[in-house]
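See structure below.
In this note's numbering, the protein residues as written are 29 to 126.
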């Protein structure tokens, strides 16, 4: 599935979502989730490397191809880290609803 990592996330009013004075891009939210390690997670080295490599792949402002497995992993991790507003938008984007 093609996903544009440069997509700007928005408020419910359709205005750009801003963090530290800059618009939040899809890639920013995804990379933050991929690189976070909740205290309860006991990740082995292979999973850490897999998340790192997926974060590198997402660190562009253009469209990239994501596998079904990539999308599932991203949705799970985004859901654990971000607010409802961000999780909802990212889910819609990854499901092709937005």
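By construction, the Cβ of each residue, glycine as well, lies at the ideal position given by its N, Cα and C atoms.
Query - Continuous beta strand (DSSP E) assignments of at least 3 residues falling wholly in the segment 42 to 111 - result: 91 to 93
Report task. Report yes if the CB atom of residue 29 is closer than 9 Å to the CB atom of residue 118, and no otherwise. Result -> no
**Report entry** Proximity to residue 106 [Cα-Cα], best of 84, 77, 122 and 76
**Finding:** 122
**Report entry** Reduced DSSP category for residue 117 - H, G, I as helix; E, B as strand; rest coil
**Finding:** helix
**Report entry** Best match in 58, 81 and 48 for proximity to residue 35 [C-alpha to C-alpha]
**Finding:** 58
Query - Spatial neighbours of residue 64 in its chain, beta-carbon cut-off 6 Å, leaving aside the 5 residues before and after - result: 109
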